[in-house]
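Input: a single structure, listed below in C-alpha cells.
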Amino acid sequence: MSQTTKTPPPSAAPTEASNRVTLGWSNRLLARPEVGALVAAVVILIFFLIVAPAFRSPASFFTVLYASSTIGIVAVGVGMLMIGGEFDLSAGVIVTTAALFNAMFCYQLGINLWVGAILSLVFCLAIGFVNGYLVMRTGIPSFLITLGTFFVLQGANLGVTKLVTGSVSTPNINQMDGYQTLKAIFSSSFRIGSVTVEITVIWWLLFVAFSAFILQRTKIGNWIYAVGGNADSARAVGVPVRAVKIGLFMTVSFLGWFIGMHTLYKFDTVQAGNGIGNEFLYIIAAVVGGTLLTGGFGNAVGVAIGAFIFGMTSLCIVYAGWDPNWFRAFLGVMLLLAVMVNLYVKTLSTTRKVG
Amino acid sequence: MTDTLSEHADHELHDGEPLIEMSNVGKAYGAIRALKGINLTVHAGEVTCVLGDNGAGKSTLIKIMSGLHPHNEGVMKVDGKEMTFGSPRESLEHGIATVYQDLAVVSLMEVWRNFFLGSELTSGRGPLATLRIAEMKRIADEELRKMGIVVKDIDQPIGTLSGGQRQCVAIARAVYFGARVLILDEPTAALGVKQSGVVLKYTAAARSAGLGVVFITHNPHHAYLVGNQFVILKLGEAVLDKKRADVTLDELTRQMAGGDELTELSHELLNS
Ligand SMILES: Nc1ncnc2c1ncn2[C@@H]1O[C@H](COP(=O)(O)OP(=O)(O)O)[C@@H](O)[C@H]1O
Ligand SMILES: [Mg+2]
C-alpha cells in the first residue's frame with residue numbers, strides 16, 4: 000500500500016502556466032466592500048463643494064467629521080455585528096440608557112460620576128450579553144429579539160426617568176465629582192490652527208483602526224466573517240459561534256455606552272426620549288459602507304466611509320441652505336443604491352472566474 | 000501527501016489500538032430515531048467503512064464522533080475514556096478531524112482562510128495575536144497542490160471554486176489537522192473519477208500513517224478498495240459488520256443493493 004501512496008497523485012497535472020491566473024486589478028478592486036462607498040463619498044463631496052460654499056472651509060470639514068464620529072463610533076460595532084450575521088435594533092436607545100443610568104444614579108446618591116459611569120458600562124454590557132444569549136439560545140432572529148430590547152429600553156428610559164426626576168430629562172451634573180476627568184475623556188476638544196477637533200473624532204479613528212485590525216489580522220476576525228457567512232460550517236470546524244456572536248452584541252453595547260458617555264458629558268443633561276431611530280442610522284452607515292445585510296461580508300473602513308457620508312450629507316444640506324427634511328429622503332435613496340451595489344459586488348466576487 | 004500525513008500524525012499511535020469505541024450507541028432527533036444499538040470501533044492504522052442508503056444514519060453516526068451533536072444512548076469511549084463531545088472543538092482537540100457531507104466551507108471567505116478556519120496560525124497567544132497570513136497562504140497552496148488542485152488565486156473567495164474543488168479543500172484541511180482520526184462523510188459523492196482516485200489514495204495514505212479512518216460512502220467499490228472493516232447501516236441499525244477477510248465485494252454490493260429483498264424482487268420479476 001505504501002507503494003501507491005508514494006507516487007504523486009495522477010491528477011496533480013495542471014501546471015502553473017496553464018491554470019494560474021492573477022485576477023485583474025479592476026476585478027480585485029470591485030470585489031472590495033468599501034469601494035462603492037468610497038466612490039459615492041467622493042461624488043457627494045464634490046457635489047457639496049460645488050453647491051454649498053459654506054462647506055468649503057477646514058472648520059466645516061471638522062464639524063462634518065464630528066457629526067460622522069457620533070454615528071460612526073457605534074456603527075463600528077454594528078458593522079462588525081452585521082458581518083457576523085446579526086442585527087441590533089437596540090443600539091440607538093442603549094446610548095440614552097447608558098447616559099441616563101450614569102446621570103441619575105450618581106445624582107440621586109450624590110456619588111462620584113466615575114462610579115456611575117463604570118456601573119453603566121457593566122449594565123450596558125449585560126444588555127448586550129442578554130441580547131446575544133437570547134438570540135443564540137432561542138434561535139429567534141436577532142431582528143426580533145433586539146426589537147424587544149428596543150421597546151423595553153425605550154419604555155424604561157422614559158418610565159424610570161419620570162419616576163426618579165419627575166420630568167423627562169436628568170438634572171445637570173456638571174458640578175459633581177469626577178465630571179472634569181470624564182468630560183476630558185468623552186467630550187473635550189482641542190484646536191489645530193483655526194479648526195476645533197472634537198475628541199470623538201480621534202476616538203472614532205482609533206475604533207475604526209482597531210476594528211480593521213481585529214477583522215483582518217486576528218483569528219477573532221476570521222471567526223466573525225465565518226459565523227456571518229455560514230454559522231453551521233464555522234461551528235463544524237471548531238469556531239465558538241455562540242461566544243463570537245455574544246461578544247459582538249457586547250461590542251455594540253460597549254460602543255453605545257461610549258457615545259452615551261459622550262452625550263452626557265457634552266450636554267450635562269440627557270433627554271430620556273433621545274436615541275430612537277439612530278439604530279437605523281448605524282445600520283445604514285454599515286450597509287452604505289458595503290456590509291452585506293445577510294452577513295459574512297464588509298469591512299471597518301467601509302463602515303467608516305458610510306458614517307462619513309451620513310455626517311457630510313446631514314450637515315451639507317444645511318450648508319447648502321436646503322430644507323433639512325430632504326436629508327431623510329436622501330438617506331433612503333443612498334440605502335437602496337447601496338443594497339443594490341452590494342448585491343452586485345457579492346455576485347461579482349463569488350461567481351467563478353474564467354481563465 | 001504522505002509527507003503531510005506522516006508529519007502531522009500523532010507519533011504515539013500504534014496500529015490496531017482502539018481510538019474510538021462505540022457500544023450500543025443510539026441517537027434520536029426528537030421523535031425520530033436515527034440510530035440504534037451501534038457497536039463500532041475505529042482502530043489506528045485501519046479504515047472503517049460505513050455504508051448505507053440515504054437516510055440510513057451514516058451522517059448521524061459520524062456527527063456523534065465529531066462532536067456536532069451528542070448521542071443519547073450507549074457509551075462512546077475515546078482513547079479509552081468515556082466521552083460525550085459538547086462541540087466540534089472538543090473533538091478536534093482529541094485529534095479527530097471531519098469532512099462533512101453538508102457542511103463544507105464559508106463561500107465568501109478566501110480559500111486560505113477557509114483552510115485554516117478554526118485552527119488559525121498566530122504569532123503569540125491571546126485574542127489579539129496577529130495571524131501569520133503569508134505562512135497560511137503558502138501552506139494552503141502547497142496542501143492543495145498535493146491534491147492536484149491548483150487554485151488561480153489563494154485569495155479568491157472559495158465560493159468561486161467548483162463543488163469538487165471545495166470538497167478537496169475540506170479534505171486537504173482535515174488531512175492537515177487530523178492527527179489521530181480522519182472522518183470522511185461521502186467524500187467522493189461530488190467528485191469526478193480522477194478526484195475520487197485522489198481521495199481514495201489519501202484515505203489509504205492516512206491509514207499507512209497510522210491514523211484511524213472512518214470512510215462513509217454508498218459506493219461499495221470505493222469502500223472495498225480501501226476498507227479493513229465494513230459496517231452497513233439500514234434504518235439506523237447495523238445489518239452487517241465484517242472484517243475484510245470475511246466479506247467479498249459481491250456480498251457488500253448485494254447487501255447495499257437491498258440484499259435479500261433484491262433476490263426476492265428478481266424472483267418476482269422473473270416469474271411474472
Ligand atoms: N438534524 C436533524 N433533525 C431531525 N432529523 C434528522 C436530522 N438529521 C438527520 N435526521 C434524520 O435522521 C435520519 C438519518 O439521517 P442521516 O444520518 O443524515 O442519513 P445518511 O447520512 O445515512 O443519509 C434521516 O431519517 C434523517 O431525516
Ligand atoms: Mg449523509
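Note that the protein sequences, when read in sequence, are chains A and B.
For the first sequence, the positions run 0 to 354 when numbering that gives the first Met the number 0 is used.
For the second sequence, the positions run 0 to 271 when numbering that gives the first Met the number 0 is used.
All C-beta atoms in this analysis are idealised placements derived from N, C-alpha and C, irrespective of residue type, glycine included.
Listed along chain B, the residues sitting closer than 7 Å to A:Pro239 by beta-carbon distance are Arg88. The alpha carbon of A:Leu88 has as its nearest neighbour, out of A:Phe60, A:Gly295 and A:Thr145, the alpha carbon of A:Thr145.
The beta-bridge partner set that DSSP reports for B:Ala237 consists of B:Leu232.
If only complete runs of 4 or more residues are kept, the stretch 146-191 of chain B shows the alpha helix (DSSP H) at 162-176, in order along the chain. A distance criterion of 7 Å places the beta-carbon of A:Ser232 beyond contact range of ligand 2, judged by its closest non-hydrogen atom.
The C-beta of A:Lys244 comes no closer than 8 Å to any C-beta of chain B. One alpha carbon belongs to A:Thr217, the other to B:Ala189, and they sit about 33 Å apart. Counting the other CB atoms within 10 Å of its CB gives A:Glu33 a total of 16 or more, which places it among the buried residues. In this structure, the straight-line span from the alpha carbon of B:Ser195 to that of B:His220 is close to 12 Å. CA-to-CA, the gap between A:Gly91 and B:Val180 works out to about 49 Å.
The Cβ-Cβ distance between A:Ile82 and A:Gly294 falls below 8 Å. Sequence-ordered contacts of the stretch 201-231 of chain A with chain B read Arg216, Thr217, Lys218, Ile219, Asn221, Tyr224, Ala225, Gly228, Asn229 and Asp231 [C-beta pairs closer than 7 Å]. DSSP places A:Ser186 in no beta strand (DSSP E) but in the uninterrupted alpha helix (DSSP H) bounded by Tyr178 to Ser186. Against chain B, the beta carbon of A:Ala271 has no neighbour under 9 Å; the closest one sits roughly 36 Å away. The CB of A:Val94 never comes closer than 7 Å to any CB in chain B; the least such distance is about 26 Å. By the criterion of a C-beta distance shorter than 7 Å, B:Ala205 is surrounded in its chain by Leu4, Val174, Leu181 and Val212, once the five residues flanking it on both sides are discounted. At a cut-off of 8 Å between C-beta atoms, A:Ala233 counts as an interface residue with respect to chain B. Legend: CB atoms of the stretch 105-119 of chain B lying less than 8 Å from CB atoms of chain A belong to residues Val105, Ser106, Leu107, Met108, Arg112, Phe115, Leu116, Gly117, Ser118 and Glu119. Not one heavy atom of ligand 1 sits closer than 7 Å to the Cβ of B:Asn218.
Residues are counted here when their Cβ sits less than 7 Å from a Cβ of chain B; for the stretch 290-303 of chain A these are Gly295 and Phe296, given in chain order. Taking 8 Å as the Cβ-Cβ cut-off, the stretch 149-174 of chain A has no residue approaching chain B.
With respect to chain B, the C-beta atom of A:Val236 has a partner C-beta closer than 8 Å.
Inclusion of B:Met108 and B:Val24 in the CB contact set at 8 Å is not warranted, their separation being larger than that value. About 25 Å separates the beta carbons of A:Gly78 and A:Gly237, which is beyond the 8 Å limit, so they are not a contact pair. Per DSSP, B:Phe214 lies in no alpha helix (DSSP H) segment; the continuous beta strand (DSSP E) that holds it begins and ends at Gly211 to Thr216. The three-state secondary structure of A:Tyr224, taken from DSSP, is helix. In the DSSP assignment, A:Thr195 is bridged to A:Arg190. For B:Pro126, the residues of chain A that pass the 7 Å Cβ criterion are Thr217 and Ile219, in the order they occur in the chain. The beta-carbon of B:Thr83 is placed no less than 8 Å from the nearest beta-carbon of chain A. Counting every other CB atom within 10 Å of its CB across the protein chains shown gives B:Ala30 a total below 16, marking it as exposed. In the DSSP assignment, B:Glu250 falls within the alpha helix (DSSP H) that extends over Leu248 to Met255. Rounded to the nearest whole angstrom, the C-alpha separation of B:Leu130 and A:Cys105 is 43 Å. Against chain A, the CB of B:Thr216 has no partner CB under 8 Å away; the residue lies outside that interface.
Counting of Cβ neighbours within 10 angstroms places B:Glu185 among the buried residues, the total reaching 16 or more. C-alpha of A:Leu112 to C-alpha of A:Val196: approximately 25 Å in a straight line. Within 9 Å of the CB of B:Leu130, the CB atoms of chain A belong to Gln215, Arg216, Thr217, Lys218, Gly220 and Asn221, in sequence order along the chain.
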